[in-house]
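Novice:
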Amino acid sequence: MGIRHLIWDMGGTLIDTYPAVDRMIVAVAERHGARVEPDEVARATRTTSIADTMTAIAARHGIERDEFDRAYDELRASWRDDAPPAMAGAREAIAAVRAAGGKSIVVTHRDRASAETLLAATGLEVDGLISVDDGHPRKPDPGMFRLALERYDLDPAESLAVGDRGIDLAGAARAGVAGVLFAPIDGVEQEVPDGTARIARLAELVGMLDTGSERARMLAGALYSPDDPALAADRVRARRLARAYDDIDPGDEEARRELLRRLLGGLGDIDGIEPPLRVDYGTNIRIGDGVFMNFGCVLLDVAPITIGDRVLLGPGVQLCTPGHPLDAASRAGGLEFGRPIVIGDDVWLGAGAIVLGGVTIGAGTVVGAGAVVTRDLPAGAIAVGNPARVVRDAPGAPGDGAD
708 MGIRHLIWDM
718 GGTLIDTYPA
728 VDRMIVAVAE
738 RHGARVEPDE
748 VARATRTTSI
758 ADTMTAIAAR
768 HGIERDEFDR
778 AYDELRASWR
788 DDAPPAMAGA
798 REAIAAVRAA
808 GGKSIVVTHR
818 DRASAETLLA
828 ATGLEVDGLI
838 SVDDGHPRKP
848 DPGMFRLALE
858 RYDLDPAESL
868 AVGDRGIDLA
878 GAARAGVAGV
888 LFAPIDGVEQ
898 EVPDGTARIA
908 RLAELVGMLD
918 TGSERARMLA
928 GALYSPDDPA
938 LAADRVRARR
948 LARAYDDIDP
958 GDEEARRELL
968 RRLLGGLGDI
978 DGIEPPLRVD
988 YGTNIRIGDG
998 VFMNFGCVLL
1008 DVAPITIGDR
1018 VLLGPGVQLC
1028 TPGHPLDAAS
1038 RAGGLEFGRP
1048 IVIGDDVWLG
1058 AGAIVLGGVT
1068 IGAGTVVGAG
1078 AVVTRDLPAG
1088 AIAVGNPARV
1098 VRDAPGAPGD
1108 GAD
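For the sequence shown, our numbering gives the first residue as 708, with consecutive numbering after it.
This is how it looks when you write it as structure tokens:
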């Protein structure tokens, strides 16, 4: 069993917040006539915490701690419009997690709103977020990590925690998750749990992930064996979760969402998904905000399925990524393959529509009931039939003549 999930610390690991914070601390000290060395600040923020560093410098130089707090609040507010960059290698590592069939989950001391603002501004597409708003004590308490494992249905044996401080990894270790210390600055000593790996570049995480399995072959679009024991276990897991979803009280929306977070690879702020929902694995499906899926939808995700924001799926819609060799002898051998499906924002798929693997449907397009989509459809179109063909522009699309 290999590693396929990463549980990320945020500031200083996934997003390069430290340089701006270090400059802020130095600037506040200088405004009060105190000189602090930037290297000293950098080491302190990375080995203790930003809060402890501000407290220590304030006490040493007779500066009111509130001066640092106000400057830090102003800095974080500025990130809404001018966010710090994603750490080098972060995007590649997140992509490798998806290629391994896993999830990237952020565990942070930040409040949810500011964390989501930072993630949106950097364009990093993670699959879940545990924040201080979830009500657990701060790291190194293991509570936030245990919640991440439970909420997103992660096997600790298939997960790694990645952080730039010892407290990021101590809590993970107490939750049964091995850790990786991200230490881009030489000579900064950290007390970490026994067995912790160390990396200087996030790109090194790619080599730690399970990219040679049948699961990885499946997600890469190569021929693979669905009889692989790990894949078979994944399908059983998905079926159990789907059956449990069917049985949830229809009025208990929070229980429904909690179960969908476990079942799916990524879930936005949806309007609702009516049971029964049928999937192959679930973990390769990512759904945006404002999505509604009516009764009896089937999403066969041997390849990634990406559903944008405000998408409507009528009853009985099927998104079918699997394919089989056309050669009978190869097909009899049991091998198959998959091709991804991408549904753009504001798409409406009518009742019983079928979308085959390898298809991308552009934003704002409407697909008529019972249509079979075998090829890409452009944005802003209305398509009907078997095979689906564009018959006209959707209302409001460029060129439809609407004012």
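Glycine included, every Cβ here is placed at the ideal spot set by N, Cα and C.
(1) Counting pairs of Cβ atoms below 8 Å between the region 876-893 and the region 761-781, do you hit three or more?
(2) With which residues is R1096 paired in a DSSP beta bridge?
(3) Looking at C-alpha atoms only, which residue of L713, R805, T815 and L1042 is the closest neighbour of D935?
(4) Taking the DSSP output, what are the residues bridged to I1043?
(5) Around the Cβ of A1109, are there at least 16 other Cβ atoms within 10 angstroms (buried) or fewer (exposed)?
(6) Given this structure, state the Cα-to-Cα distance separating A945 from D987, to the nearest angstrom.
(7) Decide if the region 1051-1071 is in contact with the region 1032-1040; the criterion is three or more beta carbon pairs, one per stretch, under 8 Å apart.
(8) Three Cβ pairs or more, each shorter than 8 Å: is that satisfied between the region 817-827 and the region 770-782?
(9) From D953 to P982, what distance separates their C-alpha atoms?
(10) Quick check: the Cα distance between L1084 and A806, rounded to an integer number of angstroms?
(11) Give the DSSP-derived three-state secondary structure of A1109 in the structure shown.
(12) Are at least three pairs of beta-carbons, each pair with one atom in the region 897-917 and one in the region 794-811, less than 8 Å apart?
(13) Identify which residue in Y931, G1065 and V814 has its Cα closest to the Cα of I837.
(14) With a CB to CB cut of under 7 Å and the five nearest residues on each side skipped, what residues in its chain are close to R905?
(15) Identify which residue in G1077, L1026, A1070 and G1040 has its Cα closest to the Cα of V1062.
(16) Just to confirm, is the Cβ distance from V1080 to A1095 under 7 Å?
(17) Rank G1030, T1067 and N1093 by C-alpha distance to the C-alpha of A1086 and give the top, closest one.
(18) Between G1057 and A1076, how many whole angstroms is the CB-CB distance? I'm expecting something under 8 Å.
(19) Can you say whether R872 is buried or exposed, counting buried as having 16 or more other CB atoms within 10 angstroms of its CB?
(20) Going along the chain, which residues of its own chain have a beta-carbon closer than 6 Å to the beta-carbon of A828, five neighbours each way excluded?
(21) Using alpha carbons as the reference points, say which of T760, F775 and A1101 lies closest to Y739.
(22) Taking H1139 as part of the alpha helix (DSSP H), name the residues at either end of that continuous run.
(23) With distances taken between CB atoms, is the gap from R1046 to G1064 smaller than 7 Å?
(24) Going by DSSP in three states, R742 sits in which element: helix, strand or coil?
(25) Does DSSP put G709 in a helix, in a strand, or in coil?
(26) My output table needs one value for A852: the three-state DSSP class, helix, strand or coil.
(27) With 16 as the cutoff for other CB atoms within 10 Å, does L713 come out buried or exposed?
(28) Should A1101 go down as buried or exposed, given a rule of 16 or more other Cβ atoms within 10 Å for buried?
(29) Excluding five sequence neighbours on each side, which residues of the same chain lie with their C-beta closer than 6 Å to the C-beta of G719?
(30) Roughly how many angstroms separate the alpha carbons of S920 and T990, rounded to a whole number?
Specialist: To lay it out plainly:
(1) no
(2) V1091
(3) L1042
(4) One detail in the question is off: residue 1043 reads as Glu in this sequence, not Ile. Bridge partners of E1043: Y931.
(5) Note that A1109 scores 40 on pLDDT, short of 50, meaning its location in the model is unreliable and no value can be drawn from it.
(6) 7 Å
(7) no
(8) no
(9) 5 Å
(10) 25 Å
(11) Per-residue confidence for A1109 stands at a pLDDT of 40, beneath the threshold of 50, marking its modelled position as unreliable; the derived number appears in the next sentence. Note: A1109 maps to coil in three-state DSSP.
(12) yes
(13) V814
(14) L888 and A890
(15) L1026
(16) yes
(17) T1067
(18) 4 Å
(19) buried
(20) A790
(21) Looking at the sequence shown, residue 739 is not Tyr but His. Considering only alpha carbons, the answer is F775.
(22) Outside the displayed range of the chain (708 to 1110) lies residue 1139, so it cannot be described from this structure.
(23) yes
(24) coil
(25) coil
(26) What sits at residue 852 in the sequence shown is Phe, not Ala. Correct three-state label for F852: helix.
(27) buried
(28) buried
(29) Y725 and D871
(30) 16 Å
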